[in-house]
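Numbering (my numbering), first residue to last: 131 to 615.
No residue lacks a Cβ here, since even glycine has one placed at the ideal position from N, Cα and C.
Below: one structure, written as C-alpha cells.
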C-alpha cells in the first residue's frame with residue numbers, strides 16, 4: 131500500500147507564509163497561525179507597497195542599484211539581482227490572486243516614491259493599506275485552496291527531530307492543550323523581532339519566536355545586529371505598537387522639521403527627506419535627543435487623504451491630530467530585522483527539513499539596511515520559491531533513529547518582558563556604543579534562564595558588540611562609519 135504523503139507545515143500567516151502555502155499545491159499543507167483569523171502580522175500593517183521596475187524609464191538593474199546602496203553593499207548580490215528581476219512578475223501574479231493596486235485616471239498603475247529610491251517605482255493598494263490588501267487577498271485564496279488546512283489560535287513551541295532532520299512540530303493553544311504533528315518539512319514564516327524593543331511599529335507577535343526555536347534546533351544565525359528603525363512612527367505615549375507614518379508621505383511632499391521648525395534633513399544626504407531609512411532614523415533620533423520633538427510637516431501633500439493615506443489619517447485623528455493642518459510628531463521605531471535564520475536562496479536553513487522565508491530568514495538580500503517596499507516583495511517571491519521547491523521534492527525517507535523534541539522554552543512574564551524591551555531600546559536602538567552594549571549583555575547573561583527572549587536578546591547584543599564598525603542600520607557612535615558609494 132502506498133504511504134500517504136505527510137503535509138508540509140507552514141508556520142505564519144503573513145505574506146511569506148501565505149505565498150508559500152499557495153505555491154505548495156497540490157502537496158497537503160497545514161498552515162498554523164497564532165491568531166484565529168490570521169491577523170496580527172507585520173505584513174498586514176505594511177503601508178508603503180511593493181517596489182518593482184515597471185516604468186519604461188526604470189529597470190531591474192536600477193532597482194538593484196538602490197537596494198545595494200540602501201544595504202551598504204552588505205547584500206548578497208545574486209539575491210538582489212534575482213529579487214529585482216522577478217519583481218514585475220510578482221506584481222502580475224498578485225493581481226491574478228485578487229490584489230487590486232491603485233491606478234490613475236488613465237488606468238495605469240500609480241507609482242510612488244519612497245526612501246532610498248531614485249525613481250518612483252512603488253505600487254500601492256488602498257492608498258497606504260497595501261499590506262492589508264495583499265494579506266486579505268492571499269488569505270482568501272488560501273482558505274479556498276483544497277490542499278491547505280488552516281489552523282489559527284495556536285503557537286508552535288517545539289520541533290520534532292529524527293536523525294538530525296526536522297520532521298514535525300508541537301502546537302499549543304490558549305487553553306494549554308498540546309498537539310503533535312508530523313510533517314514532511316517545516317517552513318517558518320514567523321516574522322521578525324521588533325516587538326522586543328520598547329518603541330516599535332510591529333505587532334506583539336513579532337517577538338522572534340520562530341527565530342529562537344530555529345536556533346534551538348541548530349540552525350545558524352546571520353546578521354542579527356542589523357535592526358532597521360523606521361524614522362517616522364507616530365510619537366504617542368503608551369502604545370506598544372506605534373502607528374507607522376509611511377514615508378510615501380515624504381514622497382508626496384511632506385518634510386521633516388526640528389523643534390524650531392527648521393528642515394531636518396537639509397544638506398545631510400542627496401536624497402534629503404527620502405534618504406535611506408537608517409540615515410533618516412539616526413537624524414530623527416539625534417534631533418529628539420538634542421531639541422525635543424521632531425515633526426513631519428505634511429501641509430504640501432495634495433489630494434484626498436481618504437484615498438491616498440487613509441491609514442495615516444485615521445491614526446493621526448485618533449491621536450487628536452489632523453495631519454492635513456497640523457504637523458505630525460514622529461519618532462524612530464524598531465521596524466524590520468534584516469538578520470535572522472541563515473538560509474540559502476531556496477530557504478533551506480542547513481537543518482534538514484527546516485526552511486525559513488520572510489523576515490525570520492536572512493538570505494542576504496537586504497544587506498545592512500532594507501530598501502523601502504522590498505519586504506512584501508521578498509516575502510511573496512521567496513515564499514513562492516520555497517513552496518515550489520518543496521512541492522517538487524520527493525517525500526523524505528523514513529528515519530530509523532530515535533525522535534527528539536527541541537523546545538523553545540518558557541517565555542518571560544509581562545513585567546520582565548517590558549524591562550527587556552526597554553533594555554534593548556536603550557542599548558541596541560538606532561545609536562549604539564560599546565559600554566551600553568556590554569552592560570546590557572551582562573544583564574542578559576545573568577538572566578538567561580528566565581525566558582527564551584533573554585537568550586535571543588543576548589545573541590543580538592553579542593553580534594552588535596562584535597561588529598565594532600558602523601554599517602547600515604547598525605550605527606556605533608564609538609566607531610568610524612563605513613560609507614558605501
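Under 8 angstroms by Cβ, that's how I've got residue i and residue j pegged, so tell me the actual separation to the nearest angstrom.
i: residue 499; j: residue 602; result: 4 angstroms
i: residue 538; j: residue 339; result: 7 angstroms
i: residue 343; j: residue 286; result: 7 angstroms
i: residue 157; j: residue 521; result: 5 angstroms
i: residue 174; j: residue 507; result: No, residue 174 and residue 507 are not in contact; Cβ-Cβ is about 16 angstroms, not under 8 angstroms.
i: residue 319; j: residue 490; result: 7 angstroms
i: residue 412; j: residue 605; result: 6 angstroms
i: residue 349; j: residue 429; result: Between residue 429 and residue 349 the Cβ distance is about 49 angstroms, and since that is not below 8 angstroms, they are no contact.
i: residue 407; j: residue 502; result: 7 angstroms
i: residue 201; j: residue 496; result: 6 angstroms
i: residue 552; j: residue 328; result: 5 angstroms
i: residue 457; j: residue 425; result: 4 angstroms
i: residue 581; j: residue 540; result: 6 angstroms
Which residues in the same chain as residue i place their Cβ atom closer than 7 angstroms to its Cβ, once the five residues preceding and following it in sequence are excluded?
i: residue 437; result: 257
i: residue 336; result: 172, 321, 322, 323, 324, 325
i: residue 568; result: 595
i: residue 445; result: 364, 373
i: residue 536; result: 288, 289, 291, 346, 347
i: residue 242; result: 179, 250, 252, 254, 378, 381
i: residue 353; result: 468, 469, 492
i: residue 206; result: 493, 494, 495
Taking a contact to mean a Cβ-Cβ separation below 8 angstroms, would you say residue i touches residue j in this structure?
i: residue 165; j: residue 306; result: no
i: residue 239; j: residue 145; result: no
i: residue 410; j: residue 245; result: yes
i: residue 356; j: residue 209; result: no
i: residue 254; j: residue 232; result: yes
i: residue 331; j: residue 371; result: yes
i: residue 414; j: residue 384; result: no
i: residue 261; j: residue 358; result: no
i: residue 387; j: residue 394; result: yes
i: residue 267; j: residue 228; result: yes
i: residue 572; j: residue 550; result: no
i: residue 440; j: residue 220; result: no
i: residue 554; j: residue 593; result: no
i: residue 525; j: residue 135; result: yes
i: residue 351; j: residue 471; result: yes
Between which two residues does the beta strand (DSSP E) holding residue i run?
i: residue 158; result: Note, residue 158: premise wrong, no beta strand (DSSP E); not H, not E.
i: residue 308; result: 308 to 312
i: residue 495; result: Counting along the chain, residue 495 falls outside any beta strand (DSSP E), and DSSP gives it neither H nor E.
i: residue 237; result: Note, residue 237: premise wrong, no beta strand (DSSP E); not H, not E.
i: residue 298; result: 295 to 303
i: residue 534; result: 533 to 537
Does any CB atom of chain B fall closer than 8 angstroms to the CB of residue i?
i: residue 185; result: Chain labels in this structure do not include chain B; a single protein chain is all it has.
Beta-carbon within less than 6 angstroms of residue i's beta-carbon, same chain only, minus the 5 sequence neighbours each way: which residues are those?
i: residue 160; result: 137, 139, 279
i: residue 462; result: 359, 361, 411, 414, 415, 560
i: residue 519; result: 476
i: residue 131; result: Per-residue confidence for residue 131 stands at a pLDDT of 33, beneath the threshold of 50, marking its modelled position as unreliable; the derived number appears in the next sentence. Answer for residue 131: no residue qualifies.
i: residue 214; result: 190, 193, 194
i: residue 423; result: 389, 459
Pull the bridge partners of residue i from the DSSP assignment, please.
i: residue 425; result: 387, 459
i: residue 316; result: 139, 484
i: residue 281; result: 162
i: residue 358; result: 466
i: residue 552; result: In DSSP, residue 552 forms no bridge with anything.
i: residue 242; result: 252
i: residue 401; result: Answer is none; residue 401 lacks a bridge partner.
i: residue 330; result: 464
i: residue 431; result: In the DSSP output, where bridge partners are listed per residue, residue 431 has none listed.
i: residue 292; result: 295, 533
i: residue 471; result: 351, 491
i: residue 286; result: 301
Taking the alpha helix (DSSP H) that residue i belongs to, which residues open and close that run?
i: residue 371; result: It is not in any alpha helix (DSSP H) - residue 371 carries neither H nor E in the DSSP assignment.
i: residue 596; result: 582 to 596
i: residue 575; result: 564 to 576
i: residue 193; result: 190 to 200
i: residue 209; result: 207 to 226
i: residue 177; result: Premise fails: residue 177 is in no alpha helix (DSSP H) and is neither H nor E.
i: residue 515; result: 505 to 521
i: residue 440; result: 440 to 448
i: residue 260; result: 260 to 274
i: residue 345; result: 339 to 346
i: residue 381; result: 378 to 381
Can you list, in chain order, the residues of its chain whose CB lies under 8 angstroms from that of residue i, leaving out five sequence neighbours each side?
i: residue 516; result: 150, 153, 317, 476, 477, 485, 487
i: residue 185; result: 241, 249, 250, 251
i: residue 455; result: 429
Looking at residue i and the ligand ZN, is the gap between the Cβ and the nearest heavy atom below 7 angstroms?
i: residue 305; result: No copy of the ligand ZN occurs in the structure displayed, which carries no ligand at all.
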